[in-house]
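Comments concern the structure below.
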Amino acid sequence: MSVDELHRQGLRELELYHRTGDIAALRRARDLHRRVVDATSDATPGRDVHLRNLAHAEEQLYEHTGDLPTLQHAIHLYRRALDLAPEGHRYREIYLYGLGHALRLLHHRTGEPRTLEEAAELLRRCVELPYADPGERAAQLGGLAEVLGELYDLGGNREHLREAAEVQRRALAETPRGTPDRAARQVNLAFFLSSWYELTQERAALDEAVEGLRAARDEMLRNGGAQPWQLAVSLAGCLADRFRLDGRLGELDEAVALLRHLLDTDHSLDTHDHLLVTMRAADLSLQRAELSGQLRWADWALGALRESVRTMPHDDLNRGVALFELGKTHATRYRLSDDPADLESAIAQLRTALDVFRSDEHSAENARAAVSVLAMQLAHRHDRTGAAADLDQAIALQRDAVRHAPPHSPNLAALHGSLGQSLLQRFQSRHDLGDLDQCDDHLHRALTALPPHSADRPALLSTLGSAQLARYEHTGHRPHLHEAVESQRAAVAACPAGEVQRPFLLGNLALLLRLRHDAVGVGTADVDEAVGLLRQVLALRPGNSGAARITLLQLAEALRSRAETLGDDADLTECVELLRTLVDGYPADHPAQISSRTALAEALHKLFLATGDERLLTEAHEVARGSVEVRTAPVQARLRARATLGQVCGTRHDWEAARHWLTEAVRLLPRLAARDLNRADQQYVLAHEHGLAAEAAAYALECGRPEQALEVLEHGRGVLLGRLLRSRETDVARLREHAPTLADRFVRLRDAEDPAPPRADSYSAAQEHRVVERLRTREAEWDALVAEIRSLPGLAAFLRPPPAAEIIRRAGTGPVVVINISIRCDALIVADGALDVVPLETTAEEVQRRVADFLTAVAAPTGGAEGLDRRLARQETVADTLEWLWDTITGPVLKRLDLPTPPPSDGTPPPRVWWCPQGSLAFLPLHAAGYHGPRADGEDDRRCVLARVASSYTSTVAALHHARTRRTDTRADGPDRPDQVIVSMSRTPGAGDLPHADAEARAVGGYMTDRHRPVALVNEQVTRDGVLEALRHARSVHFACHAVADTRDPSACRILTHDHATRPLTVTDIAGLRLDGAHLAYLSACATSATRHELADEAIHITGAFQLAGFRHVVGTLWPVGDELAPEMATAFYAALAARAPTHTGPTPRALDDQVAFALHATVAELHTRYAWFPSLWASHIHVGV
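Numbering (this note's numbering), first residue to last: 1356 to 2541.
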């Protein structure tokens, strides 16, 4: 055959192939066109056409065989054809398109980005050339659009996506109506537009996609053609997106109906596509279920997915995906039904899916997604059962998945987010600040990894806001609250109107705004916004649903906050009405009832105080009485209910009832802090209940019951200290000796977590019932167990606070002066086996004001740029405070004690007194109270505590008794082991130099010369671990260094070591030591006795930590002392101690107890005589101990 005949026969075979799909015809065409090419040269006219025909045949053959050399040869042929077709050639556009399409196929095979970029450039050039066939140009434009879409998927360049949509519009415009390709191109355009919407949130793109898809569907129906299943899926997806924007339920229902109809009627779907459509239909049905609360929607989803799993071959690669979706559907149904069978099924299916994914090396990302969802279900089961192991396992799974995830994993954001949520959940139940720190880190990582408009962003931002709120509540640091508000506001802004979670997010933002209003107390902008938001949420949650009740309570609290700010009785009246409605809607013994009743009682009480309407006070009393009868509630809610009833009774002048209920509240404090929490988290719990013991004691005194006042103060103050001391010596230890099995049961029940209350976003009546039952069961178990323990010999007093007689006995000869500041102010003197009460002529408000002024004065700089007049004014404030302390507190106490005071020249030491101040009074130097310097005349010089007694401090009588009864024997470290330690830091990284610290250390070392030279740790030698190791062998230790008093988190108060930036030496580290025979710790550092105001009764500071570690004597400071004066004070103290007890480091420290207090007293008195005009210089040092 001639070349022309070969050419024509090749074209006929190609036409046959395109018409019938006959591969043999394609092979014959390829062979014929190859013969034509071989028979011609580049000089032969029309050779470019022959090259293109052979290239096209090779390209088509590659798509059947996958033979890479065949495709590479086709590309080579296209390039040669293009070289022979100069600009203006009539077939140049065909060659450009063919080469571009072949390069696209090569990219699919090799993944090389540059190949796809070249394909796009060739196709761009193609579609800009003139053409004759409109149908061919539409195909070329469609091909370019697809390549641009793939480029976007490859690199995320939004310009590629924008161009893809524009080109696809051109392709659609070139496609006549009624042609078979029009609908497919409309679907492709909708895909690009919906992707553009996801990227930019441009509403117009989404609307155009919906309109175009509906038009394509209608045209197909008119033409009687079958709709491609992708059209229904794309339209359903766009409708669901539009529902999330507008909240129009009809569009969500239309989307569900489209997909269900497709599943029922299109039997051409293969297994993979059928599963894809089923999963999408199930997901939208679950959204419908959550919106309506109707299980039938979830049941349809379960049925459809079960059928997919049932009909799927066991070795199908999609089996894991189907099981994963089935597990997620069970999890959603559980949230709606609260049926534990759903939760167990979810966990089982997800575990199976995870195993399937892990067995396939190509399913690593699916495995990571399964871990996130499985961990969430384990966390839900922890909520349900209280099983800590479930939450711990969830966190372990998530950590492992995060650890092994590559940096660009599409599931990395979800993993970090779910791990952060689990850590927050564990923090909320166990209050470990380490969990909160890690939670914050993982949530920020999740947000960084998340696409800007991801549907997961609102929930993540909300969780971050909850974590920031938790940190604010623990630290009191207001910037954390501002951060929480901004995170929650961002969550609301990112959440479309139709999303199920939007009401929950609005409620969260309202709560944070109300809390910020309460904290800041300036203006009403925040609380006004909160009220408005909560009214919006109520409109979205009509009726008496649990979620609506939660919102109602939040609105009532917001109105009360605004009323307290503005003094507006109308807001308070509405608050009362809302709470009355709320209380009436709860069944008896419901766990949420106690919080609502207590809130109503408090609001009624406030409204009575504002209006004087006795009926309101009577109702407040009745409501509060009802709240204390509810036992199925968390301990903190029951405590608050008792405290509120006590305060209402106090307003009614029913002193006895006020005393009773406030005392009952105080008795719950140790149980509130009894969980297995670290001290930082126990202190957070107790900070919210400070002042209860003082108020209960005040009412006891009002009733003429001083012994009960002493008992409740001892029981309700120093709760953490008391618990730790008892745990080391008595209650649980004695129980373990008598009945170890009972001890294990007790610890397990004591440390059990409260069940999580139902949340507004996941409320169900079944959840409420479950919470009620768990609380009821646990309370019954607690009562029965404690009764069983108390029935054992020697354990009748288990968990009971010591009676007044025992407290008085433990105080010894004393005197111990317990000073109570509340609705009335008194000093309770415990001495020589008796108890005496001295009423004090002051008020709690005056004490607060004096303390604030005093702390401002002593915290100010004492030198530098501050002028002399300003410094003197500050000293004037200090002097005024010391005189007021004498006139109102210490003077009346010492007058009542009437202790003999030897003349100064006699050399006889003065009597001793242990001060036990309550609340913020602990920040004032009672030992320095009096008239000093030029403000004291000859008669006034006896109006001074320093001139009358030697002062010491203790947090409770129990703490003093514990210190007195500790072992005092010399530890058996061997004759060559030094037991005296000096820690000196003249240079501290990140802090100012202390140039006099080294001189102070040398001077102190001269007095520590018993058996060995003391151990000296200096500058770089002072590390956290080094100091702790030295303390384990120390009987005496002296610190000349910086300290930091962290008033937001007192457990983080720390001594600054050389490595403090990475390994701080904190209160928790020091208090954790168990030192027998430790005698004296002198802390020549800044503000070692400072703490958070709400925790003043807990003695959580550096001085207290050394006492708790085992030192019988601790010398600390109430406020910062100057580096210049510190060596003078320390040297004078050790000189005075050596003069009184030259063997103070010897083997008999018990005989030296008084001498330490006398030595400090003499030292302070000496500096007082030299610096009487400047009391802030000499009054900071205090002695804590025996």
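We put the beta carbon where it would ideally sit given N, CA and C, even for glycine.
Compare the C-alpha of residue i against each of the options and name the closest.
i	options	result
L1631	W1652, S1663, L1641	S1663
T1920	A1839, V1875, R1383	V1875
E1716	G1497, T2096, M1634, G1675	G1675
Q2335	D1508, E2384, R2297, Y2308	E2384
R1904	D1881, T1928, H1872, F1859	F1859
E2163	L2315, L2237, A2098	Contrary to the premise, residue 2163 reads as Ile rather than Glu in this sequence. Comparing Cα positions, the closest option is L2315.
S1777	R1736, C1794, P1762, P1441	C1794
S1357	L1657, D1393, V1985, L2252	D1393
H2093	G2427, F2153, E1491, A1988	F2153
Q1704	E1720, H1685, P1695, L1798	H1685
I1750	F1679, R1615, R1781	R1781
R2379	M2363, R1812, I2410, R1434	I2410
Y1486	H1444, R1464, S1623	H1444
P1910	G1922, D1694, L1861, A1380	One detail in the question is off: residue 1910 reads as Leu in this sequence, not Pro. Nearest option by C-alpha distance: L1861.
D1787	R1826, P1762, L2240, A1996	R1826
Determine the burial state of residue i: buried for a count of at least 16 other Cβ atoms within 10 Å of its Cβ, exposed for fewer.
i	result
Q2462	buried
S2444	Bear in mind that a pLDDT of 49 at S2444, under 50, signals an unreliable position, so the model cannot answer this.
I2457	buried
A1725	buried
L1454	buried
K2250	exposed
I1378	exposed
W1652	buried
M1731	buried
S1821	buried
A2327	The pLDDT assigned to A2327 is 44, lower than 50, so where the model puts this residue is not dependable; a value taken from the coordinates is nonetheless given after this. That one is exposed.
H1627	exposed
A1839	buried
H2070	buried
H1373	exposed
S1817	buried
W2533	buried
S2269	According to the sequence as given, residue 2269 is Trp; it is not Ser. Buried, since its Cβ has 16 or more Cβ neighbours within 10 Å.
G1789	exposed
T2421	buried
W2528	exposed
Q2063	buried
Would you mind reading off the limits of the beta strand (DSSP E) that contains residue i?
i	result
A2305	2305–2308
F2394	2391–2395
Y2437	2435–2439
S2339	2335–2339
A2426	From DSSP, A2426 is part of no beta strand (DSSP E) but of the alpha helix (DSSP H) over 2422–2426.
Mind checking which residues open and close the alpha helix (DSSP H) that includes residue i?
i	result
G2381	2379–2386
H2531	Looking at the sequence provided, one finds Ser at residue 2531 rather than His. Start and end: 2530–2533.
A1749	1743–1759
*Taking one C-beta from the region 1841–1852 and one from the region 1873–1886 each time, how about it: are there three or more such pairs within less than 8 Å?*
no
*Could you pull out every unbroken alpha helix (DSSP H) segment of at least 4 residues lying fully inside the region 1594–1666, listed in chain order?*
Here the runs fully enclosed are 1604–1620, 1626–1647, 1650–1666.
*Residue ranges of each beta strand (DSSP E) run of no fewer than 3 residues wholly in the region 2240–2276, ordered along the chain?*
2267–2272
*State whether the region 2488–2496 contacts the region 2281–2291, with contact taken as three or more CB pairs (one from each stretch) at a distance under 8 Å.*
no
*Three or more C-beta pairs closer than 8 Å, one from the region 2047–2058 and one from the region 2170–2180: is that the case here?*
Yes: the two stretches touch, three or more of their Cβ pairs being nearer than 8 Å.
_Under 8 Å: do the region 1513–1521 and the region 1763–1777 share three or more Cβ pairs, one atom per stretch?_
no
*Using 8 Å as the threshold, is the region 1593–1607 in touch with the region 1552–1564, meaning 3 or more CB pairs across them?*
yes
*Spell out a yes or no on whether the region 1970–1982 and the region 1992–2007 are touching, meaning 3 or more CB-CB pairs, one atom from each, closer than 8 Å.*
yes
*asked:* Ignoring anything shorter than 4 residues, give me the alpha helix (DSSP H) runs that lie fully in the region 2118–2205, in order along the chain.
replied: 2120–2145, 2159–2166
*Three or more beta-carbon pairs under 8 Å between the region 1557–1577 and the region 1522–1539, yes or no?*
yes
_Whole alpha helix (DSSP H) elements within the region 1532–1596, 4-residue minimum_ = 1535–1555, 1558–1578
*Examine the Cβ distances between the region 1430–1441 and the region 1400–1416 and report whether three or more of them are shorter than 8 Å.*
yes
*Within the region 1860–1897, note down every full beta strand (DSSP E) run reaching 3 residues or more, in order along the chain.*
none
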